[in-house]
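S.K.:
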Amino acid sequence: MTKSTPHPPVTDPASPYESPDSKKFHKAAERALDHYLNPAAKIMATTNEPEPMYLANPK
Numbered sequence: 008m009t010k011s012t013p014h015p016p017v018t019d020p021a022s023p024y025e026s027p028d029s030k031k032f033h034k035a036a037e038r039a040l041d042h043y044l045n046p047a048a049k050i051m052a053t054t055n056e057p058e059p060m061y062l063a064n065p066k
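Letter by letter, the sequence shown follows residues 8 to 66 of the working numbering.
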């Protein structure tokens, strides 16, 4: 025997990712997580070449 709820809660049929504010929040959260939890990507993206301003003998 199943027991049905007399007054089920009303739910919003729209996805939480469809509103512009939540999309901005989701993108910002992804950037923050990548910044704090994935520092290797930033290290790999930098070059090891010295700045031209600090070269003693520029080419």
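Virtual Cβ for every residue (Gly too), placed ideally from N, Cα, C.
My output table needs one value for D19: the three-state DSSP class, helix, strand or coil.
M.R.: Counted from its first residue, the sequence shown places residue 19 at position 12. Note: D19 maps to coil in three-state DSSP.
S.K.: Once DSSP output is grouped into helix, strand and coil, what is the label at S26?
M.R.: On the sequence shown, position 19 is the one that residue 26 refers to. Coil at S26, not helix or strand.
S.K.: For K10, does the three-state DSSP call read helix, strand or coil?
M.R.: Residue 10 sits at position 3 when you count from the first residue of the sequence shown. DSSP places K10 in coil when its eight states are reduced to three.
S.K.: Could you tell me the distance, in whole angstroms, from the CA atom of L40 to the CA atom of K34?
M.R.: Along the sequence shown, one-based indexing puts residue 40 at 33. Along the sequence shown, one-based indexing puts residue 34 at 27. C-alpha separation (whole angstroms): 10 Å.
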